[in-house]
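Read through the structure below, which is laid out as structure tokens, and then see the notes.
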Amino acid sequence: MKPLKLAFFYGAFLILIMLVIAVFFPRPTSFQYTVFRIVLAVAAAGVGAEIPGILKVKCKWLNASGALAVFVIVYYHSPAKLVVQEEVEKLHKELGSIKENTGETKNVTREIKNQNEILLAAIRELPQAVAQTIRQAESIEDEPTRIARAYAILEEKFKLPKEFLVKEIPIIAAQLVQRNDKSLLDSALGLFALKKFPDAERAALDAKKKSLDIAGQPVKDAISALELAGLSAFAQCQYKQAMNHFREAAILVNKNSDPLEWARIHHLIAILLIEQGEYSQAVEIEKSVLNIRTQMQGSKNPETLSSRNTLADAMYEQGKFDEVEKEHRSILALRLLVLGPEHPDTLLSRNNLACALASLGKYFEAETEHLAVLSIRERNLGPEHPDTLSSRVNLAIVMDVQGRHEEAAKEHLAILRILERILNPDNILVLKNRFNLAVAFDEQGKSNEAENEFRIVLAGYERFLGTNHPLYFNCCYDLAICLKAQNKFSEASSLAKRAYEGLLLKLGNENDTTKKAYILVREFESK
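If you're matching positions, the sequence shown starts at 76 in the numbering used here and goes up one per residue.
Next comes the structure, spelled out in structure tokens:
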């Protein structure tokens with residue numbers, strides 16, 4: 076075989092081998108690329124040796140022709156460079172994409188971090204939001220309702236949808252409780268957000284103790300911890316325990332240096348005093364709170380209006396219905412202006428005004444207001460929401476005092492069945508509404524049914540409120556009336572005397588029920 080033909084054969088063979096190797100080494104290393112480049116140039120020179128014509132290459136340092144010229148061209152102008160360049164550009168694009176995606180990932184990570192920080196801030200604000208929702212006037216007010224209202228407050232403050240907060244806050248709260256770097260107060264806040272109120276109360280008291288031990292003096296964290304402990308106790312209907320926590324917090328608050336914090340704590344104390352039947356004390360404290368809030372926050376501020384509402388509630392329980400009607404009309408006008416006609420607080424004011432009107436004997440106007448509020452609540456909240464049920468209860472009471480006893484009893488019984496299903500049968504709210512049913516039975520002349528209901532209520536009040544609460548004395552009076560109708564004079568007389576002495580002490584001799592109890596006692600004494 077001629078040498079040139081042999082060179083062509085070996086060149087072609089090397090090119091074939093290079094093509095096969097290229098399949099297995101699509102991205103060669105720098106050393107591999109240099110070797111492939113030399114071998115490819117040699118192979119091309121072997122093939123080029125058989126190509127007819129003369130190829131010459133001239134440059135400063137080289138003058139070549141034939142196979143050597145082909146070698147020089149292929150080596151210095153490597154065809155592989157084009158492919159490699161494409162790969163490099165592709166790689167740059169991929170790296171750019173990765174970099175861009177990394178930037179997006181960082182943005183997402185940053186957004187999640189910011190969102191978690193907002194949720195953590197919301198958890199820390201939740202107890203105060205719950206405190207803002209605590210109100211006395213509604214006859215039905217359970218803890219889930221307060222929590223739901225608190226989330227609505229957080230929604231407005233943090234500009235996040237309530238549904239999102241309801242879903243995400245428990246998740247962040249659970250993570251907070253598990254964190255090793257959490258403070259005792261944050262642990263208590265997390266437990267409160269998870270609705271683990273007994274645990275939250277204990278953790279809050281631990282936080283208070285540690286805070287005072289470290290500082291050696293009253294500090295803000297200790298006040299916050301005691302407020303949280305009080306709210307946790309309140310959520311468990313442990314009102315005396317809650318009062319102890321709030322009063323301890325009140326001792327630590329300086330009225331001169333932080334009047335709004337003083338007002339917030341004492342507002343909660345006033346609400347609890349109403350729950351405990353201490354209406355005169357509640358009035359005096361809430362007047363001081365209202366004075367501070369009006370001066371510092373203005374007359375239209377929601378917290379100022381809340382204080383006015385609480386003050387009116389206490390006065391209502393004292394039987395000062397004329398003053399209460401005027402006050403609720405004024406509060407309602409401001410809430411309509413500031414909050415709008417369908418805000419929960421506006422509807423609360425309409426409800427309270429209607430109750431005052433009913434107590435003054437303005438039944439038609441009272442019923443009209445209750446029906447209007449019920450319609451809005453039913454549409455916005457549903458038929459079994461506590462606020463809706465509260466409107467139904469108050470409407471049934473107005474029916475009863477107008478002589479529509481059978482209609483009222485039927486409504487009270489329907490409401491009671493719902494409450495027993497959604498609440499514990501021994502819940503104080505269930506007992507209050509069972510009392511309404513007993514009154515309706517008694518007005519119909521169904522003394523046996525009424526007596527049975529009154530006795531269940533009286534035992535429940537004694538268990539939950541004690542024997543020194545106005546509600547307990549009211550029940551004693553109504554049971555005495557019921558027993559009198561059955562000629563059970565001995566027990567009726569004893570109950571009437573107990574009711575009169577208690578109401579005289581708690582509400583004074585100008586209260587309507589106190590006067591009625593006194594008349595009943597004198598009637599029994601004259602026999």
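Cβ atoms here follow ideal geometry from the backbone N, Cα and C, with glycine treated the same way.
*Which same chain residues, not among the five before or five after Ala317, have their C-beta less than 7 Å away from its C-beta?*
When the five nearest sequence neighbours on each side are left out, the beta carbons in the same chain lying within less than 7 Å of the beta carbon of Ala317 are those of Gly305, Ala308, Phe309 and Leu347, in order along the chain.
*Can you list, in chain order, the residues of its chain whose CB lies under 8 Å from that of Glu230, leaving out five sequence neighbours each side?*
Sequence-distant Cβ neighbours of Glu230 in its own chain, meaning closer than 8 Å and more than five residues away, are Pro236, Lys237 and Leu240.
*Using the C-alpha atoms, what's the distance from Ala571 back to Thr385?*
C-alpha separation (whole angstroms): 30 Å.
*Where do the ends of the alpha helix (DSSP H) carrying Gln370 lie?*
Segment Tyr354 to Gln372, the alpha helix (DSSP H) holding Gln370.
_Extent of the continuous alpha helix (DSSP H) to which Ser258 belongs_ = For Ser258, no alpha helix (DSSP H) encloses it, and the DSSP letter there is neither H nor E.
*asked:* Quick check on the DSSP output: what are the complete alpha helix (DSSP H) runs of length 4 or more inside the segment 456-500, in order along the chain?
replied: Counting only runs of 4 or more, we get 461-476 and 480-497.
_The alpha helix (DSSP H) that contains Asn426, what's its start and end?_
The continuous alpha helix (DSSP H) containing Asn426 extends over residues Pro419 to Ser434.
*From Asn63 to Ile367, what does the alpha carbon distance come to, in whole angstroms?*
Examination of residue 63 is not possible in this model, given that the chain is present from 76 through 602 alone.
_In chain order, each alpha helix (DSSP H) run of at least 4 residues that lies wholly inside the segment 250-324_ = List check, alpha helix (DSSP H) in window: 259-268, 272-290 and 295-310.
*Mind checking Met371: buried by the 16 CB within 10 Å criterion, or exposed?*
When all chains shown are included, Met371 counts as exposed.
*Would you say Tyr226 and Ala204 are within 9 Å of each other, going by their C-beta atoms?*
The answer is yes: Cβ separation under 9 Å.
*Return yes when the Cβ of Leu491 is within less than 9 Å of the Cβ of Leu470, no when it is not.*
When the beta-carbon positions are compared, Leu470 and Leu491 stay at least 9 Å from each other.
_Validate contact between the segment 529-542 and the segment 552-559 using beta carbons, cut 8 Å, 3 pairs_ = Touching, per the Cβ criterion.
_Can you find the residues in the same chain that come closer than 8 Å, C-beta to C-beta, to Thr335, ignoring five residues on each side of it along the sequence?_
Looking at the sequence shown, residue 335 is not Thr but Leu. In chain order, Ile367, Arg368, Met371 and Gln372 place their CB closer than 8 Å to the CB of Leu335, counting only its own chain and leaving out the 5 sequence neighbours on each side.
*In its own chain, which residues sit with a C-beta less than 8 Å from the C-beta of Pro245, not counting the 5 before and 5 after it?*
For Pro245, where only same-chain residues beyond five positions count, the Cβ hits under 8 Å are Ala268 and Leu269.
*Residues in its own chain within less than 7 Å of Ser568 by CB, not counting five upstream and five downstream?*
Counting only Cβ-Cβ distances below 7 Å, and skipping sequence neighbours, we find Phe599.
*For Glu162, does the three-state DSSP call read helix, strand or coil?*
Residue confidence for Glu162 is low, a pLDDT of 49 falling below 50, so the modelled location carries little weight and cannot support an answer.
_Range of the contiguous alpha helix (DSSP H) that encloses Glu537_ = Ser522 to Phe539 is the span of the alpha helix (DSSP H), which, as asked, contains Glu537.
*Can you tell me which of the three DSSP states Glu585 falls into?*
Note: Glu585 maps to coil in three-state DSSP.
_Where the alpha helix (DSSP H) containing Leu604 begins and where it ends_ = Absent from the model: residue 604. The displayed extent of the chain is 76 to 602, so no value can be given.
*Going along the chain, which residues of its own chain have a beta-carbon closer than 7 Å to the beta-carbon of Glu537, five neighbours each way excluded?*
Within the same chain, Glu537 has close Cβ partners Tyr547.
_For Ile209, count the other beta carbons within 10 Å of its own beta carbon; 16 or more makes it buried, fewer makes it exposed. Which is it?_
Within a 10 Å sphere around the beta-carbon of Ile209 sit 16 or more other beta-carbons, which makes this residue buried.
*From Ala433 to Asn508, what distance separates their C-alpha atoms?*
For Ala433 and Asn508, the distance between alpha carbons rounds to 17 Å.
*How many angstroms separate the CA atom of Ala279 from the CA atom of Ile298?*
In this structure, the straight-line span from the alpha carbon of Ala279 to that of Ile298 is close to 10 Å.
*asked:* With a threshold of 8 Å, are at least 3 pairs of Cβ atoms found where one atom belongs to the segment 575-590 and the other to the segment 393-411?
replied: The segment 575-590 is in contact with the segment 393-411.
_Validate contact between the segment 320-329 and the segment 348-363 using beta carbons, cut 8 Å, 3 pairs_ = The segment 320-329 vs the segment 348-363: no contact.
*Look up Ile209 in the DSSP assignment and say whether it is helix, strand or coil.*
Coil.
*Distance between Lys315 and Gln351 (C-alpha atoms, nearest Å)*: Going by the C-alpha atoms only, they are around 8 Å apart.
*Does DSSP classify Leu504 as helix, strand or coil?*
Correct three-state label for Leu504: helix.
*Please classify Ile289: is it buried, with 16 or more other beta-carbons within 10 angstroms of its beta-carbon, or exposed?*
Looking at its Cβ environment, which holds fewer than 16 other Cβ atoms inside 10 Å, Ile289 is exposed.
*Just the C-alpha distance for Ala592 and Lys485, rounded to the nearest angstrom, thanks.*
Straight-line Cα distance between these residues: approximately 28 Å.
_Through-space distance from Ser522 to Ala275, alpha-carbon basis_ = So the two alpha carbons sit approximately 46 Å from each other.
_Looking at the secondary structure, which residues open and close the alpha helix (DSSP H) in which Leu235 lies?_
Where Leu235 is concerned, there is no enclosing alpha helix (DSSP H), given that its DSSP letter is neither H nor E.
*Are the Cβ atoms of Pro458 and Leu303 separated by less than 9 Å?*
No. Outside cutoff.
*Under 8 Å by Cβ, that's how I've got Val448 and Arg479 pegged, so tell me the actual separation to the nearest angstrom.*
Separation of the CB atoms of Val448 and Arg479 is rounded to 19 Å, and the pair is thereby denied contact status at 8 Å.
*Boundaries of the alpha helix (DSSP H) in which Ser545 is found, first to last residue*: The amino acid at residue 545 is misidentified as Ser; the sequence shows Pro. That run of the alpha helix (DSSP H) goes Pro545 to Ala560.
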